[in-house]
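186 is the number that numbering that gives the first Met the number 0 gives the last residue of the sequence shown; the numbers go up by one with no jumps. C-beta atoms are modelled at their ideal positions from N, C-alpha and C, and glycine is treated no differently. Structure first, then comments.
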Amino acid sequence: MYGKHLFVILLTFVFDLSDAQAGGFDTVRLSPIYVYAWHNQKDIKQFRRTVYNLKKVYPYSQIAKKKLQELDSRYQSYSSNRDRKKFVKTLEKQLFDEFDAPLRKLTVSQGKMLIKLIDRETGQTSYSVLKEFKGGFSAFFWQNIARVFGHNLKSQYDKNEEQMLEKLVIMCENGTFDQLYYRMFLK
């Protein structure tokens, strides 16, 4: 009996009938539904923490993606290394002024998630981005600083390893994440 009611409720949330016409349905769009099985309170707590952390860091990963695309195109337009270094120095100052304070407020787990999401969004590890634009010594220096705080700038995003995070990111991309967040934290 419970299973039948659950199925009807799920169907109610799955069908987007906004494209329905008076004479019948032309198109029915289905949104993906993710079902999570929690075995204990620890799993629930981990899921809630992941949702909370993603809400904090996902916007920064999107900003990083956009800024890196802009940076790369402008960086390539400079012909001399001197002009490139000057451009990177100016941009670095702007980024520190804009993002230093909010990024310092991130927790260790949020920082780790951000490093992985930057790799997911840009296709490059944070270490390789630093190495490309600031040089090998600078990348090495920041990698060692990150290691002191429990991070690894060479962390790569593996969607098979991070299945729960991947599903939540997909929800962010298709606009359903905020509904989940609201139901979990702002009821």
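Between the segment 157 to 172 and the segment 102 to 120, are three or more C-beta pairs nearer than 8 Å? yes
Please list the terminal residues of the continuous alpha helix (DSSP H) segment that includes S127. Translated into positions along the sequence shown, residue 127 becomes position 128. Counting along the chain, the alpha helix (DSSP H) containing S127 begins and ends at 125 to 133.
Pick out whichever of Y77, F176, N39, V56 has its Cα sitting closest to the Cα of F98. In the sequence shown, counting from the first residue as 1, residue 98 sits at position 99. Selected option, being the one with the closest Cα: V56.
Using CA coordinates, which residue listed in N173, V128, G135 is at the minimum distance from Y74? Position 75 of the sequence shown, counted from the start, is the residue given in the question as residue 74. For Y74, the nearest C-alpha among the options comes from V128.
Close beta carbons around Y51, own chain, < 6 Å, minus the five adjacent residues each side: Position 52 of the sequence shown, counted from the start, is the residue given in the question as residue 51. There are no such residues.
Could you tell me the distance, in whole angstroms, from the CA atom of M170 to the CA atom of S79? Taking the sequence shown and counting its residues from 1, the one referred to as residue 170 is at position 171. Taking the sequence shown and counting its residues from 1, the one referred to as residue 79 is at position 80. The straight-line gap from Cα to Cα measures roughly 43 Å.
When the Cα of L105 is compared with those of T89, H150, E131, which residue comes out closest? Here residue 105 refers to the residue found at position 106 when the sequence shown is read from its first residue. Nearest of T89, H150, E131 to L105, Cα basis: H150.
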